[in-house]
Amino acid sequence: MTHDAKPPAQPEAPLEPGQYGQFLKEHGIATNRLADSCGIETIAIQAEHLPSALKLLRNSQEVKLDLLITVSGVDNNETFDSVYHLWSYSHTNELVIKVMIKKTDVPEGKLPMVPSISNFWSAANWHERETYDLVGIRYSGHPYLRRILNPWDWEGHPLRRDYKQPVDGLNDKNPHSFR
Amino acid sequence: MSEGNLIKVGSPYVPDELKDTVTLTSLDHAIDALGELLSPVISPVANLARSNSVWPLTFGTSCCAIEMMCVGMSAFDISRFGSEVFRATPRQADMILTAGTITRKMAPALITLYEQMPEPKYVIAMGACTITGGMFNDSYSVVQGVDRIIPVDVYLPGCPPRPEAILDALLKLQQKIRTENYHERKKRTYNQRAVRYVDYDTGKLVDDLVEEARQEADAVLAGGATIALKSEEKQAEASEKKD
Ligand code: SF4
């Protein structure tokens, strides 16, 4: 990949489903193709279809995306994204799945809910805890959803756009700080 | 009892009416008095001995710890200066080299370690991270300078400081120990507080606010009932206005 290659712009017309989108469509799961990220097929999926789609992609011999590279979270301006990177050893191929939850759909004072995949893909366990800790996405059905990096009694989710740093004697945020 | 009483020569103050019934069990004041008497003789010898056997604590939280390990190995060999063993428990250590970033999650552990060390204890703040927060300045999760949570004797800048710099800091600390006097050190020790909480509305430290409130209460008590009456009148006026 050359460095001056521009990232693909969001086209007006909906994109044709790619290899994996086509595969999921054949199995009755609707997906929405997004602009490729670094040449990797990227699809958006409804939250309720996520576990079945991941089981299909992992188990079928045809695609065999059998490595979960990472689960991460993004706070976009309008949505919270839960992002899954899958890798196939046998086909050396990669897929990015995004579950996008509109901020307007999240009730006041509640966290966005995404079904947990850690009961059938245990690699996701700590990744989901980290995403919960830093971005504040609640994975329903997770066996032990507790903060993993920050202290247990931490307030807020630091990688959110509206996060405010704590004000106390440990930083310079306080104008009356003794240092 | 005020602090002055603690270091006064002679026995502590006992009211006259209790003289018959009180038995003094603590020998602190006697030891203090004796120590102060003998300190011009003992201090130089004791300090020389202490300054040449400063044992550091095995404590490293990130990249600076690599340099700390390096200074213990044969190329630099910190044991030439009397700090031969890195003790694995704070109970046996004299000095803590805060080698690495101190996060807010690590801060309580560091305070515990510091408090578990026996007096006299020393701290070398090693690296930019523990002096000001370093490259994690303004980070939400990093303590912006370790001197906000424990008292620091020597600041050792660098990112990371070279092993020679660590040796230099150790020599500086030894110089400091040699000029020291047990009594002055005892007077200087003060209570540590892990996190100083800040009131969100006023931006002042909660400790200060509590102190203010206490002073106000004292003033009210000293002023007698008049002030209290005044405030009651005010309240009454206010309620009338509301009506
Ligand atoms: S001062 Fe530099 S080398 Fe030392 S812990 Fe911080 S970042 Fe690492």
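Going line by line, the protein sequences match chains A and B. First residue of the first sequence: 24, per the working numbering; consecutive thereafter. First residue of the second sequence: 1035, per the working numbering; consecutive thereafter. The beta-carbon is built from N, C-alpha and C at its ideal position, and this holds for glycine as well. Since the structure is predicted, the reported quantities are computational estimates derived from the model, not experimental observations.
Euclidean distance between Cα positions of residue i and residue j
i          : j          : result
Leu1147(B) : Thr1137(B) : 15 Å
Gln1226(B) : Asp1181(B) : With a pLDDT of only 49 at Gln1226(B), under the threshold of 50, the placement of this residue in the model should not be trusted; the figure read from the coordinates follows. The straight-line gap from Cα to Cα measures roughly 11 Å.
Glu1037(B) : Pro135(A)  : Because the pLDDT at Glu1037(B) is just 43, under 50, the model does not fix this residue reliably, and the value given afterwards should be weighed accordingly. Taking the straight line joining both Cα atoms gives about 56 Å.
Ala1133(B) : Thr1164(B) : 8 Å
Arg56(A)   : Ile68(A)   : 9 Å
Gln45(A)   : His150(A)  : 28 Å
Gln84(A)   : Pro189(A)  : 50 Å
Ala1253(B) : Asn148(A)  : 58 Å
Gly1179(B) : Trp175(A)  : 22 Å
Arg1121(B) : Val1088(B) : 11 Å
Asn82(A)   : Leu157(A)  : 30 Å
Leu172(A)  : Gly1257(B) : 53 Å
Ala1247(B) : Leu1190(B) : 40 Å
Pro1212(B) : Ser1085(B) : According to the sequence shown, residue 1212(B) is Arg rather than Pro. Those two C-alpha atoms are separated by around 6 Å.
Arg1196(B) : Glu1101(B) : 7 Å
Leu1131(B) : Phe103(A)  : 42 Å
Val129(A)  : Leu1243(B) : 39 Å
Val1079(B) : Thr1123(B) : 27 Å
Trp177(A)  : Phe1170(B) : 19 Å
Ser145(A)  : Pro166(A)  : 10 Å
Lys1210(B) : Thr1135(B) : 25 Å
Contacts around residue i, its chain only, beta-carbon distance under 7 Å, and the 5 residues preceding and following it disregarded
i          : result
Asn1279(B) : No answer is possible for residue 1279(B): the residues shown for chain B start at 1035 and end at 1277.
Gly164(A)  : Pro138, Ser139 and Asn142
Glu101(A)  : Lys125 and Lys126
Ala1199(B) : Leu1190 and Gly1192
Gly1168(B) : Gly1161, Ala1162 and Cys1193
His50(A)   : Leu79
Ser1175(B) : Thr1137 and Arg1138
Own chain residues within Cβ distance below 8 Å of residue i, not counting five before or after
i          : result
Ala1228(B) : Note that Ala1228(B) scores a pLDDT of 48, beneath 50, so its modelled location is shaky and nothing firm can be said.
Thr154(A)  : Val94, Ser95, Gly96, Ser105, Ile160 and Tyr162
Residues of its chain near residue i, where Cβ-Cβ distance is below 6 Å and the 5 sequence neighbours each way are ignored
i          : result
Val1188(B) : Ile1158, Ala1203, Lys1206 and Leu1207
Tyr186(A)  : Gly179
Ile52(A)   : His72 and Ala76
Trp110(A)  : Leu90, Ile92 and Glu117
Gln42(A)   : none
Contact with chain E by residue i, beta-carbon distance below 8 Å
i         : result
Leu193(A) : No chain E appears in the structure shown, which is made up of the protein chains A and B.
Check: Using 8 Å as the threshold, is the region 180-189 of chain A in touch with the region 116-124 of chain A, meaning 3 or more CB pairs across them?
Finding: Judged by Cβ distances under 8 Å, the region 180-189 of chain A makes no contact with the region 116-124 of chain A, as fewer than three pairs qualify.
Notebook entry, point to check: Name the residues in the region 1170-1200 of chain B whose C-beta lies less than 8 Å from a C-beta of chain A; which are they?
Noted result: Taking 8 Å as the Cβ-Cβ cut-off, the region 1170-1200 of chain B approaches chain A at Asp1172, Tyr1174, Ser1175, Val1177, Gln1178, Gly1179, Asp1181, Arg1182 and Ile1183, given in chain order.
Item checked: At least 3 beta-carbon pairs within less than 8 Å: the region 1108-1115 of chain B vs the region 1147-1160 of chain B -> As far as the Cβ criterion goes, the region 1108-1115 of chain B does not touch the region 1147-1160 of chain B, which means the pair count is below three.
Next item on the list: Could you name the residues whose beta carbon sits closer than 6 Å to any heavy atom belonging to the ligand SF4, keeping them in chain order?
Entry: This selection yields Ser1096(B), Cys1097(B), Cys1098(B), Gly1134(B), Thr1135(B), Gly1161(B), Ala1162(B), Cys1163(B), Gly1168(B), Met1169(B), Cys1193(B) and Pro1194(B).
Notebook entry, point to check: Touch check for the region 1192-1210 of chain B and the region 1115-1134 of chain B: three-plus C-beta pairs under 8 Å?
Noted result: Look at the beta carbons and you see the region 1192-1210 of chain B touching the region 1115-1134 of chain B: at least three pairs across the two are nearer than 8 Å.
Next item on the list: Report yes or no: do the region 1089-1096 of chain B and the region 1124-1141 of chain B share at least 3 C-beta pairs separated by less than 8 Å?
Entry: For the pair of segments examined, the region 1089-1096 of chain B was found to touch the region 1124-1141 of chain B: the number of CB pairs separated by less than 8 Å reaches three.
Check: In the region 1120-1145 of chain B, which residues sit with their C-beta less than 8 Å from some C-beta in chain A, listed in chain order?
Finding: Residues Arg1138, Lys1139 and Ala1141.
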